[in-house]
Structure formats: structure tokens, C-alpha cells
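Here the structure is laid out as C-alpha cells; the discussion comes afterwards.
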Amino acid sequence: MPIAATGKGSPVTTGDTRMIEFRGVDKRYPDGTVAVDQLDLVVENGKVTVFVGPSGCGKTTSLRMINRMIEPTSGTVLVDGKDVMKQDPAELRRGIGYVIQQAGLFPHRTILDNVATVPLLLGWDKKRARERAAELMELVGLAPEMAARYPAQLSGGQQQRVGVARALAADPPVLLMDEPFSAVDPVVRESLQDELLRLQSELGKTIVFVTHDIDEAIKLGDKVAVFRVGGKLAQYDSPGVLLTRPADDFVDGFVGRDRGYRGLGFRSGDGLPIGELATVTLGSSSKAARAEAGDGWALVLDNDKRPQGWVRGAELSTDEGAVINSDQLIAGGSLYDTSSDTLRGALDAALSSPSGLGVAVDGSGAVVGSITADVVLEKLAAARADEDNT
Ligand SMILES: Nc1ncnc2c1ncn2[C@@H]1O[C@H](COP(=O)(O)OP(=O)(O)OP(=O)(O)O)[C@@H](O)[C@H]1O
Ligand SMILES: [Mg+2]
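Heads up: take any position in the sequence shown, counting from 1, add 2, and you land on the numbering used here.
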């Protein structure tokens, strides 16, 4: 069987993954307000990190300390390993796109010129800047005929796309987005979120995204930082871990608020798409197992197709005669019983598996395939959308 995509659970093995780092960062305003309190946090390269929390909890302040629009009172903010306070702010910001609510477009410039703003500032000639702008408009899904219009002649959702295109114009490795979609209606918002995920799958930027909507955070974030008022980081984890293992009552309440992610435990896993996974049998040829697993993981089964543990393809012997034995196995997590379990069982299986693929079994305990956290969360979102519409 071929190996299913490893998705968000795949381990990163090369290079430094830290793109932005907060080390013991405080921000106190002159009136004594503590906006950010001892923030320690690493934003990974090429991932979407979401800052979420109630109004006034320090999300915007934290975000703006990355591009030095706000300076920390104490502690250090590093971008790509360098202290932002030791860099020229203009230079720093060249590598950091910034998108805000209401897009913040220049009202008296055309859409094309709005998008071309940064390249022009960087000294590109007009023709090249406009060509780049036209390319970006296409990338974010804006029709070419909008190029000559002014911001007021666009819908809110279209304006946000222009804001995203403008921030991407100089191809910065880092993109900061402060509640970029909060001024548009829910339907447009959802399509902008989908677009952002599509863009990100192509561009692989390091994105820090601020919202106070937990659903948006769960949908967009590879990692989510939940802040509480007083500028304290309450929890920083992947969406799946936040949902199933909230660090405290505050996070539990925030995550579950109104919507009941705890409802996971009441929703059947029926209809959940089961993916493939590489499997090998205990006692079979190690060399063949390695061919089956490739660079990824393979699940080891006994003769009744019951899961015994995992092996990594790259670690298997290619010696003739070597076989898969039980000493080599890496213990698996919980199993998802497709005949009886809820979405919660499916999510637990995915999160507890060393490979990132949860093991799905039938009522007799035989392996039928795999399940990922993403698939479970999508199913949950779809189920909730259905409920909202009825
Ligand atoms: N210039 C300032 N002087 C004093 N206090 C400030 C200043 N700017 C922000 N604050 C305070 O710092 C705290 C954090 O503000 P921040 O804008 O970071 O919150 P936020 O999480 O982005 O909130 P929201 O969701 O409402 O945008 C708030 O209590 C705010 O009132
Ligand atoms: Mg804010």
C-alpha cells in the first residue's frame, strides 16, 4: 500500500526552524499597562502561527514587536536569529509583509498602484513594479479589470485581497496579519481563509496571524498561541492538542466557548474518510519493508492484521535475511475503532501516533487504514456548519 501524506505531524529534520523568537519579552506602556508579560515563544519557519485571545490581551502589541513598530520594554525579539533592536527598522520591514484589518489601502491610488507600492519604494522601475503587481493580483484571485479601480470601488473581501497582494509584493519571507479578515461577512471570510491556505501551500511563508476567533485560529494555524488578558501566553500548541488537552480552565473555556469542541466526544466518526498507510507484517523481510516504507513510517501488523507498533523505513536493515522483529518497534498510540468511536477517538488516535497517522481498526481490531488530525477537524467543522444552517 502507498503511504498517505504525513501532513502536519511530519518531523522537521533539516535546518534551523526558528524564524521568529520572543525571549522573556515584556511590553509596558508609560501609563503602567502591561500589554505583554514575559513572552517566550518560537515561530517556526514556513508555518502559520496564530495569536488568539480576548480583546486587549496583547496580540497586536506582540505582532508589532516583530517588525519593531513597537519596541519591547525588556527581553529580546529575534527575526531570523537577529535581535530586531540591532537592525535598521526599514531594512527589517523589507523582509516582513504586514496586513491589517480594512486592508489600509491608499484611497487615491488605483488597485494596481496600491499593490505596486512596496516594489516602487524599493526602487524598482515603474514597468517592472506594475508587472509584478499584476502577477500578484492574479495570485490572490483579483480580476485584471480591477487594476484601474480605486479601493472604494471594491468590496470588503476584494480590498482584503489587495492588502494581501500588497504585503506579498516584495516577496518577504515573513508575513504579519492583524485580524485581516475580521471586517468581512462570514461567507467572504471563509473564502479568504481558504485562499490564504491555498496561497500558503504554494508560497510557504512564515505567517503570524492575529485573530480573536478561535475557529479561524484552529482552521489556519499550524500552531496556535492562546493569550489571556494581561499579556500572558496561556498555551502554545497545535490545534489538535489545544482542543483535546487545554492547559487550564481559561484555555478550555476559550476553545470550547459557544461552539463546544468538547462535542467531539458526542459526534460519531461515521463517514470519516479513512486514508491509506504503509503496512508490513512482523517477521517479514526487512528489505521489503524498507521498500514499502520509503523515507516514511510503516505500521507493523501481526498475522491477524492487528497493529503491533511502528518502524521508520530509513532505519530498517537492507541485509538479505533480516526480518522485522518486535524489538525494533516504536510504540503506537491509541486506536480509532471505526465501528464505535467518536471523532474524539479519531483525533486522539491521530495525535498520539508517533507517525502523525492515527491507526483505524474495525470492530475485530484489524487495521483498515489511517486517520489524520486535519481530517477530523475538517469533519467537525463541516458538521458544525451543517448545524448552523439548520
Ligand atoms: N499606546 C498605548 N498606551 C497604553 N496602553 C496601550 C497602548 N496600546 C495598547 N495598550 C494596551 O495594551 C493592551 C494590549 O493591547 P493590544 O492592542 O496588543 O491588544 P489586542 O490583543 O490586539 O486586542 P484587540 O483584540 O482588541 O485588538 C491593552 O490593554 C491596551 O489597552
Ligand atoms: Mg489587536
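Just so you know, even glycine gets a beta-carbon here, dropped at the ideal spot from N, CA and C.
Fair warning: this is a prediction, and the values are worked out from it, not measured in the lab.
Helix, strand or coil: how does DSSP classify residue i here?
{"i": "V243", "result": "helix"}
{"i": "F252", "result": "helix"}
{"i": "T15", "result": "For T15, the predicted structure reports a pLDDT of 39, less than 50, and the residue's modelled location is therefore unreliable. The matter cannot be settled from this model."}
{"i": "G106", "result": "coil"}
{"i": "G158", "result": "helix"}
{"i": "L279", "result": "coil"}
{"i": "R151", "result": "coil"}
{"i": "L303", "result": "strand"}
{"i": "S270", "result": "strand"}
{"i": "D217", "result": "helix"}
{"i": "S288", "result": "helix"}
{"i": "D376", "result": "helix"}
{"i": "D343", "result": "coil"}
{"i": "V166", "result": "helix"}
{"i": "A385", "result": "helix"}
{"i": "D329", "result": "helix"}
{"i": "D350", "result": "helix"}
{"i": "P295", "result": "Residue 295 is actually Ala in this sequence, not Pro. Residue state, collapsed to three classes: helix."}
{"i": "E23", "result": "strand"}
{"i": "G99", "result": "strand"}
{"i": "L318", "result": "coil"}
{"i": "L144", "result": "coil"}
Would residue i be called buried (16 or more neighbouring beta carbons within 10 Å of its own) or exposed?
{"i": "D260", "result": "The predicted position of D260 is uncertain, since its pLDDT is 46 and thus under 50; no value can be drawn from it."}
{"i": "L123", "result": "exposed"}
{"i": "T15", "result": "At T15, the pLDDT of 39 sits below 50, so the modelled position is not reliable and the matter cannot be decided from this model."}
{"i": "L199", "result": "exposed"}
{"i": "D272", "result": "exposed"}
{"i": "P91", "result": "exposed"}
{"i": "T281", "result": "buried"}
{"i": "F229", "result": "buried"}
{"i": "Y31", "result": "exposed"}
{"i": "P109", "result": "exposed"}
{"i": "D196", "result": "exposed"}
{"i": "G83", "result": "exposed"}
{"i": "P188", "result": "exposed"}
{"i": "S95", "result": "The question names Ser, but residue 95 in the sequence shown is Arg. Buried is the call here."}
{"i": "D339", "result": "buried"}
{"i": "P248", "result": "buried"}
Output the boundary residues of the beta strand (DSSP E) element that contains residue i.
{"i": "P309", "result": "P309 to R314"}
{"i": "L43", "result": "V36 to E46"}
{"i": "A52", "result": "At residue 52 the sequence reads Val, which differs from the Ala that was named. Residues V50 to V54."}
{"i": "K88", "result": "That residue, K88, is in no beta strand (DSSP E); it is neither H nor E in DSSP."}
{"i": "V368", "result": "For the record, residue 368 in the displayed sequence is Ala; it is not Val. Looking at the DSSP string, A368 is not in any beta strand (DSSP E), and its letter there is neither H nor E."}
{"i": "L114", "result": "Note, L114: premise wrong, no beta strand (DSSP E); alpha helix (DSSP H) at I113 to L123."}
{"i": "D339", "result": "L337 to D339"}
{"i": "M71", "result": "Per DSSP, M71 belongs to no beta strand (DSSP E) and is neither H nor E."}
{"i": "L80", "result": "S76 to V81"}
{"i": "A227", "result": "K225 to R230"}
{"i": "A362", "result": "G360 to V363"}
{"i": "L177", "result": "V176 to D180"}
Whole angstroms is fine: what's the gap from residue i's alpha carbon to residue j's?
{"i": "G106", "j": "D350", "result": "42 Å"}
{"i": "N47", "j": "A375", "result": "21 Å"}
{"i": "I276", "j": "S355", "result": "15 Å"}
{"i": "V50", "j": "E218", "result": "12 Å"}
{"i": "Y444", "j": "A227", "result": "One cannot answer for residue 444 here, as it falls past the ends of the chain, which runs 3 to 392."}
{"i": "L1", "j": "I373", "result": "Not covered by the structure: residue 1. The range shown for the chain is 3 to 392."}
{"i": "Q161", "j": "K225", "result": "27 Å"}
{"i": "M3", "j": "M87", "result": "Any reading at M3 must be qualified, since the residue scores a pLDDT of 35, below 50, and its modelled position is unreliable; no value is offered."}
{"i": "G125", "j": "S288", "result": "59 Å"}
{"i": "R292", "j": "S366", "result": "28 Å"}
{"i": "A154", "j": "A387", "result": "32 Å"}
{"i": "A385", "j": "V378", "result": "11 Å"}
{"i": "L382", "j": "T344", "result": "11 Å"}
{"i": "T63", "j": "L353", "result": "32 Å"}
{"i": "R70", "j": "D364", "result": "54 Å"}
{"i": "T283", "j": "R346", "result": "28 Å"}
{"i": "I326", "j": "S341", "result": "30 Å"}
{"i": "A185", "j": "K207", "result": "24 Å"}
{"i": "G296", "j": "D304", "result": "21 Å"}
{"i": "D18", "j": "V45", "result": "11 Å"}
{"i": "A300", "j": "E317", "result": "11 Å"}
{"i": "L141", "j": "N116", "result": "15 Å"}
{"i": "S57", "j": "A368", "result": "49 Å"}
Which first and last residues belong to the alpha helix (DSSP H) in which residue i is found?
{"i": "R130", "result": "K128 to L141"}
{"i": "S64", "result": "K61 to I68"}
{"i": "L201", "result": "P188 to L205"}
**Asked** Should the segment 162 to 176 be called in touch with the segment 120 to 135, which here means at least 3 C-beta pairs below 8 Å?
**Response** Result yes; three or more Cβ-Cβ pairs closer than 8 Å.
**Message:** With three or more beta-carbon pairs closer than 8 Å as the criterion, would you say the segment 173 to 186 touches the segment 201 to 219?
**Reply:** Cβ pair count under 8 Å is three or more, so yes.
**Message:** Three Cβ pairs or more, each shorter than 8 Å: is that satisfied between the segment 297 to 317 and the segment 326 to 337?
**Reply:** Three or more beta-carbon pairs drawn from the segment 297 to 317 and the segment 326 to 337 are found closer than 8 Å, and the two stretches are therefore classed as touching.
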